[in-house]
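Read through the structure below, which is laid out as structure tokens, and then see the notes.
There are 4 protein chains.
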Amino acid sequence: MPIPAPNLFPPFNILRLSHTELRVTDLAWSRGYYVDTLGLQVTHEDTHSLYLRAMEERGHHCLILRKADVPSVGVLGFKVWAEEDLNRAEHWFHAKGLPVHWIERPFMGRVLATRDPWGVPLEFYASMDRLPPIHQQYNLYRGVKPLRIDHFNLFSSNVDAAVEFYGEMGFRVTEYTADEETGRTWAAWMHRKGGVHDIAFTNGTGPRLHHTAFWVPTPLNIIDLLDLMATTGYLDNIERGPGRHGISNAFFLYIRDRDGHRTEIYCSDYQTCDPDLEPIRWDLKDPQRQTLWGAPAPRSWFELGSVFDGAALLDSDLKAQPIIAP
Amino acid sequence: MPIPAPNLFPPFNILRLSHTELRVTDLAWSRGYYVDTLGLQVTHEDTHSLYLRAMEERGHHCLILRKADVPSVGVLGFKVWAEEDLNRAEHWFHAKGLPVHWIERPFMGRVLATRDPWGVPLEFYASMDRLPPIHQQYNLYRGVKPLRIDHFNLFSSNVDAAVEFYGEMGFRVTEYTADEETGRTWAAWMHRKGGVHDIAFTNGTGPRLHHTAFWVPTPLNIIDLLDLMATTGYLDNIERGPGRHGISNAFFLYIRDRDGHRTEIYCSDYQTCDPDLEPIRWDLKDPQRQTLWGAPAPRSWFELGSVFDGAALLDSDLKAQPIIAP
Amino acid sequence: MPIPAPNLFPPFNILRLSHTELRVTDLAWSRGYYVDTLGLQVTHEDTHSLYLRAMEERGHHCLILRKADVPSVGVLGFKVWAEEDLNRAEHWFHAKGLPVHWIERPFMGRVLATRDPWGVPLEFYASMDRLPPIHQQYNLYRGVKPLRIDHFNLFSSNVDAAVEFYGEMGFRVTEYTADEETGRTWAAWMHRKGGVHDIAFTNGTGPRLHHTAFWVPTPLNIIDLLDLMATTGYLDNIERGPGRHGISNAFFLYIRDRDGHRTEIYCSDYQTCDPDLEPIRWDLKDPQRQTLWGAPAPRSWFELGSVFDGAALLDSDLKAQPIIAP
Amino acid sequence: MPIPAPNLFPPFNILRLSHTELRVTDLAWSRGYYVDTLGLQVTHEDTHSLYLRAMEERGHHCLILRKADVPSVGVLGFKVWAEEDLNRAEHWFHAKGLPVHWIERPFMGRVLATRDPWGVPLEFYASMDRLPPIHQQYNLYRGVKPLRIDHFNLFSSNVDAAVEFYGEMGFRVTEYTADEETGRTWAAWMHRKGGVHDIAFTNGTGPRLHHTAFWVPTPLNIIDLLDLMATTGYLDNIERGPGRHGISNAFFLYIRDRDGHRTEIYCSDYQTCDPDLEPIRWDLKDPQRQTLWGAPAPRSWFELGSVFDGAALLDSDLKAQPIIAP
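Residue numbers (our numbering), protein chains in the order written: chain A, 1272 to 1597; chain B, 1272 to 1597; chain C, 1272 to 1597; chain D, 1272 to 1597.
Dropping the structure here:
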């Protein structure tokens, strides 16, 4: 199916992705990984959870780590422009026959909880506790010097349908991968905040979270992280990279925590805020699509993901395959 | 005066700054400077003008160099979200008693020409010719590898009034400099597109253009440009830097062409799209305001600027002085 | 076998590796690759050869490309401290029963041609034409900005014997790979000039040249080269990397020209000039030996190399295998 | 005076500069500065001294901080090739009528203490305690990530005489500054280990230590250090830079500790090991000599230095002045 035209006047105004909650089985291990190694800053800590923010963020958190018996993803959070957008969102999801609840969440104002048609738990809010800036407290920078959360990437059993649903909400496609044979969309990158994506969908058994990405200053910070992880016991957590994506043109690294949650370290994509930005089309079999320099991704990268709490899995009926490393 | 609250629902939707027109006295010299040395790409060239874009831009131009007998600035251009925003802009400027004209401009759709209350020539448009992406044609990258136009900075005879006027249009203050004694605003940085600024105002004889800024990938590209300029005859065009700004946290370099037009090479400021982003206040006498590392700017940087075509100059009555290098 | 103690007072004083001659089948193609893409500077050009130097070198050439029907390596060149070292070298090689000839070479003074016991063609000289410095002519920098030739790496059918032979000449081992089972040396890195190596030996069918390496300023230059090669028709010439070596701690990229000659782009190894520097031992099966970050090298990297003109090939009887990518 | 020809067969073989001892008035403050901020590693600590090494060094120390009532420099240390070089050095200094003593120094083998003709305290050794490598323990890297000591720079009351004396010892000139009018040498850079210098001399009241330099990986590490110092209370310790030197082509930063001891952070000079390397001549009035990009050094940089313990000061009779910032 062709990529639908962007909805430039969506029913409610989503500003940007905001945060995710990962359920992890060993909070102390996760602290060593996300805080001491990646360099996220702790903004709240108790016996069963950790709230983290990146260096240039002033909202209270972009990542919640919550102790659980089994790894999963609790929610994907989005910030809307204004309080009235929450009410508009409530009506829109309700009209779609999707569940809507107003819930209480620490450090946040009104929170609208809902799910997309495939069961992905979503939450929307307009206000979250604001913290003082720390981006010029250079003694706090550690690890990969994460500056901000950048995007989510999800496995989807029907990327065309996901693009249509999220497109209606105002997410605009910047790049996409088409399967030549069936004409269907194999993957798509969609944004609200003016980068290549706030959310992306990749064909596969879904819904599952493929990864959460953090923006870092330069490729050298990614090299620093690799050196650090490789010599502090995290060698096996390095999955793919470093490299330059064909899609998005970003410099990247993929790592996976002990619960299998994948993080992308990401920098240097491009500005996309023009409403008339033309999506870039890639063929699924283009070897430079994944990595501009030609190296294919490993099988794990195409197959493994994190389940969402309460969402049933569905296989995709699109069986087209990308190039996978042997 | 205190910084006014942001106008989150402005009368028309300005997406971002878009382009400027510089009147230059020697087009061949300017080509050597902006194209061969800085690395902007020529998109149109004739005997009296050059149209340029940066590497990740798809709009036809972000900089017009036009042959003239005397250097000046022709216009500051802004892209709006949709065609109807142009009509709304027309009404708003007209209601303010400001001149409005629909003009013809090559490579652009409908263009609304107007001036701000101090005579700065502005133009707004929704559509400009779109060009194929070149951000992955790495053989075209040259000089400082400019990725996109980032912002304008203007001398203003009344920064408080400028902040109010542009604030009404929806520009939101991210950082500002206050004069402790008078309580007045000495400088302010205001954005639409989610960085520290699309436009800034600095106290001084105005209106004049202080500089136009381009975003580059990393500080190393700025070091490369310095090495190149210093050894290809452009030593005297280096004015200030490199350094880290206190305000904006950006890494910067200022250079001036032979007509006195100043360019800032700029990278690594931060994301500001949250509507509840709290402006950061700096004291005029804070030595880290200009440069986080303490080095004051030279006198030329505070005094020299480019006049706008057709705008009369007015001195500022705010006489407070920043720290100037001896 | 244990690594022999360094010979701190060798029979003649080799200063550093100097140059190599590659026989190539299409000089125009090689010019596009080594000059326009890698960024080496042409110092002499005629219909059948190209002489190149890197940016901080003042000797006339570090790489000679010579037109031939079949690809091979003509010679490995070394600079000695003084003219009398050439005479001492002549006696030493002669005493070893190896061939010695005084030959004429353009742009060079007296040249002693010989071969090592495995037939590798070597040449030694004390003086070569000197050229004016260009390291501050920043408009000449292109491609990966190669600064200087760094080292040779050879497949050797008997690494222990090679280490002994070159060690006697004063090359000192900085790092080596041991085969746990047999106790034999599987690979060794040996230097004269104070970096990790001027020459290295890797177990395999030999003698063959594995690669010639050039030193570049930072890892970002290697990323720039990858972006450039990937988008200018050289995608298939990228073989391995980028990555950090365990051995040498250098950041690297391996590329191969159309004749199969391999180049390593290399930076950030360490200073080794202390005569009491302790060699670092690595186990052949250590996954971080090749790449600190864990990614194994591809099979081609372990198997393919360039033959030396006039040298017969011999298999190694050491059959131990490193970790190879599937 | 013309630069003398290099002595390629010196009376004893100095390998490289090795270490310096700084007398400091507040050891705790100095620890915060050199260890926590610059990132040198503590190898020994007691109540009155700190021994430090940089990340790729295996010798026990490159910097000794010793508690004293008054700041001064205790000694400049050099490593020689072999034990017999110490004996040769003893004879050579003795023959010059200079004091020679065999002294005991912790963590070192035989140490020959002497002074140059201007009273600079020097010590030579062949062996120092060796420590395990830490260059791949990336969790230890901090601050500016100092890799190794690079050079000393001294004020000299007679640079021509210093060049002759040190030249006789085998130090070779790589670059120098001539005073056009008098034909005398105003400054000179001399090396043993193959970089632009192990030691340099600058015209002025001497002997005094101008600075000790440490080599770091890339210019970005210097930017990181500036950000860190500027936001952790060391703003006033930043003296000059960052910038690119004309002489040496190195990227630099100068900082001064609370006792006035100056450190240069330095990277990316070039390889100089060729015995026939032609010295590069600079004119004292060349504005690109100090900084390739044109910015002059501040007055403090030309006037302030650290006295050597036990050395009397002498004014220079060469009154030529470089360009000094206003």
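Backbone N, C-alpha and C define an ideal beta-carbon position, used for all residues, glycine too.
Here the structure is a predicted model, which means the values were calculated and not measured.
- Own chain, CB closer than 8 Å to Leu1411 of chain A, minus 5 neighbours either side, in chain order: Gln1312, Met1326 and Ile1405
- In whole angstroms, what is the alpha-carbon distance linking Glu1439 of chain D and Pro1567 of chain B? 45 Å
- Item | Beta carbon proximity, Leu1321 of chain C to chain B, threshold 8 Å | no
- Cβ pair Ser1519 of chain D, Trp1460 of chain D closer than 8 Å: yes
- Item | Given 8 Å, three or more beta-carbon pairs between the region 1542-1552 of chain A and the region 1290-1303 of chain B | no
- Message: Using only CA atoms, which one of B:Leu1279, B:Pro1488 and B:Gly1454 lies nearest to Ala1353 of chain A?
- Response: B:Leu1279
- Enclosing alpha helix (DSSP H) for Ala1432 of chain D [first to last residue]: Val1430 to Glu1439
- Item | 7 Å Cβ cut-off: residues of chain B touching Ile1594 of chain D | Under the 7 Å cutoff, chain B gives no residues; its nearest Cβ is about 13 Å from Ile1594 of chain D.
- Query: Using the rule of at least 16 other Cβ atoms within 10 Å of the residue's Cβ for burial, across every protein chain shown, is Arg1570 of chain C buried or exposed?
  - Reply: exposed
- Message: Contact defined as beta carbons within less than 8 Å: I believe Pro1513 of chain B pairs with Pro1490 of chain B. What is the distance between those atoms, to the nearest angstrom?
- Response: 7 Å
- Message: Here's the rule: buried if 16 or more other CB atoms are within 10 angstroms of the residue's CB, otherwise exposed. What is Glu1452 of chain C?
- Response: exposed
- Task: Measure the C-alpha to C-alpha separation of Arg1381 of chain D and Gln1407 of chain A and round it to an integer number of angstroms.
- Result: 49 Å
- Task: Check Leu1298 of chain C in the structure and name its three-state DSSP category.
- Result: helix
- Rounded C-alpha distance that separates Asp1498 of chain D from Asp1580 of chain A: 42 Å
- Where Asp1421 of chain A falls, given that 16 or more other Cβ within 10 Å makes a residue buried: buried
- Query: His1482 of chain A: buried (16+ other C-beta within 10 angstroms of its C-beta) or exposed?
  - Reply: buried
- With a cut-off of 8 Å, does the C-beta of Gln1561 of chain B fall near any C-beta of chain D? no
- Message: For Pro1388 of chain B, which residues in the same chain have their Cβ closer than 8 Å to its Cβ, ignoring the five residues on either side in sequence?
- Response: Lys1367, Leu1369, Ala1432 and Phe1436
- Message: Using a Cβ-Cβ cutoff of 9 Å, what residues of the region 1480-1498 of chain A are near chain F? List them in chain order.
- Response: The chain labelled as chain F is not found among the protein chains of the depicted structure, namely A, B, C and D.
- Query: Trp1457 of chain C: buried (16+ other C-beta within 10 angstroms of its C-beta) or exposed?
  - Reply: buried
- Residues of the region 1383-1416 of chain A whose Cβ lies closer than 7 Å to any Cβ of chain B, in chain order: Ser1398, Arg1401, Pro1404, His1406 and Gln1407
- Below 7 Å CB to CB, which residues in the same chain sit around Lys1626 of chain B once its five sequence neighbours on both sides are set aside? In the structure as shown, chain B starts at 1272 and stops at 1597, and residue 1626 of chain B therefore has no counterpart that could be examined.
- What are the start and end residues of the beta strand (DSSP E) that includes Ser1343 of chain A? Ser1343 to Val1351
- Ala1582 of chain A by DSSP, collapsed to three states: which one? coil
- Query: Does the beta carbon of Thr1502 of chain D sit closer than 8 Å to a beta carbon anywhere in chain A?
  - Reply: yes
- Item | Continuous beta strand (DSSP E) stretch holding Asn1424 of chain C: start and end | Arg1419 to Ser1427
- Buried versus exposed call for Asp1586 of chain C [16 or more other C-beta atoms within 10 Å across all chains shown]: exposed
- Query: Between the region 1563-1589 of chain D and chain B, which residues of the former have a C-beta closer than 7 Å to a C-beta of the latter?
  - Reply: Leu1563, Trp1564 and Gly1565
- Query: Going along chain B, which residues have a C-beta under 9 Å from Gln1312 of chain A?
  - Reply: Near Gln1312 of chain A there are no residues of chain B at all, since even the closest Cβ is about 15 Å away, more than 9 Å.
- Burial state of Asn1358 of chain C (16 or more Cβ within 10 Å): exposed
- Task: Following the continuous beta strand (DSSP E) through His1365 of chain A, name the residue where it begins and the one where it ends.
- Result: Counting along the chain, His1365 of chain A falls outside any beta strand (DSSP E), though it belongs to the alpha helix (DSSP H) covering Glu1354 to Ala1366.
- Message: For a cutoff of 8 Å on Cβ pairs, would you count Ala1353 of chain B as touching chain A?
- Response: yes
- Task: Taking C-beta pairs closer than 9 Å, name the residues in chain B that Leu1555 of chain D reaches, listed in chain order.
- Result: Near Leu1555 of chain D there are no residues of chain B at all, since even the closest Cβ is about 18 Å away, more than 9 Å.
- Step through the CB atoms of chain D and report whether any lies within less than 8 Å of the CB of Pro1546 of chain C. yes
- Task: Look at the Cβ atom of Leu1336 of chain A, then the Cβ atom of Glu1361 of chain A, and state whether they are nearer than 8 Å.
- Result: no
- Query: Helix, strand or coil: which one does DSSP assign to Gln1408 of chain A?
  - Reply: coil
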